[in-house]
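Trainee: Per the working numbering, the very first residue in the sequence shown carries number 375; after that it's consecutive. Pasting in a structure now, in structure tokens, and then I'll have a few things to ask.
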Amino acid sequence: MREINVRLSPSLQEWATLSEEIDSFCGHHRLADGLRMDLQLACEEWFINIVVHGYEEGGIQPGHAPPIQAELRIEGPNVVATFRDGARAFNPLEQEEPDVGLTAEERSIGGLGIYLIKSKMDSCSYLRTEAGNEFTMRKKAQRRTE
């Protein structure tokens, strides 16, 4: 299992399928538990972002939305997670960072998920293609020692 490549319908229920695939991938590659949790968290945040903000708020009706492609692979010393979707254009790297020093009441809504992804991953990149959005996250592959 060098990589996983999964096509998911844009439904929040599909997160369970992707989560299981991520756990299986991490177990197969003996990735450290902390890395597995970071991958789970970052991938869940991005998957939910696509479904809720890209498709639902973008006016794409369930059943008419193109699938979400999720890929997880080892690339050199890194674990790389790439998501491709056909939702409206959205570059998360252009979004203003939230002021995490403010209280929840003082802070405007939104942006915390992207902030969390960027804080958990070593690097992120975005590309808009003819097919849609492509968002890639990278993190050094830490292995279990036992």
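Heads up, the beta-carbon is just placed ideally off N, CA and C, and yes, glycines get one too.
Comparing C-alpha positions only, which one of A515, A505, G506 sits nearest to S497?
Mentor: If we check each option's Cα against that of S497, A515 comes out closest.
Trainee: Suppose you measure from the CA of A505 to the CA of T456; what does that come to, to the nearest Å?
Mentor: Distance between the alpha carbons of A505 and T456 is about 14 Å.
Trainee: If you count every other CB in all the chains shown that lies within 10 Å of the CB of M411, and 16 or more means buried, which is it?
Mentor: Flag for M411 reads exposed.
Trainee: Can you check which of these residues, H438, V453, L386, is closest to R404 by C-alpha distance?
Mentor: The residue with the shortest Cα to Cα distance from R404 is V453.
Trainee: For E445, which residues of its own chain have a beta-carbon under 6 Å away from its beta-carbon, when the five flanking residues on both sides are left out?
Mentor: Excluding sequence neighbours, E445 sits near N379, T456.
Trainee: So who's on the other strand from L501, going by DSSP bridges?
Mentor: According to DSSP, L501 bridges with E508.
Trainee: For A455, which three-state DSSP category applies?
Mentor: The answer is strand: DSSP assigns A455 an E or B state.
Trainee: Please tell me whether I442 and I422 are closer than 8 Å, where the distance is taken between their beta carbons.
Mentor: Cβ distance not < 8 Å, so I442 and I422 don't count as in contact.
Trainee: Let me make sure I understand the geometry here. Which of Y489, L501, E449 has the alpha-carbon closest to that of L415?
Mentor: Of the candidates Y489, L501, E449, the one whose C-alpha sits nearest the C-alpha of L415 is Y489.
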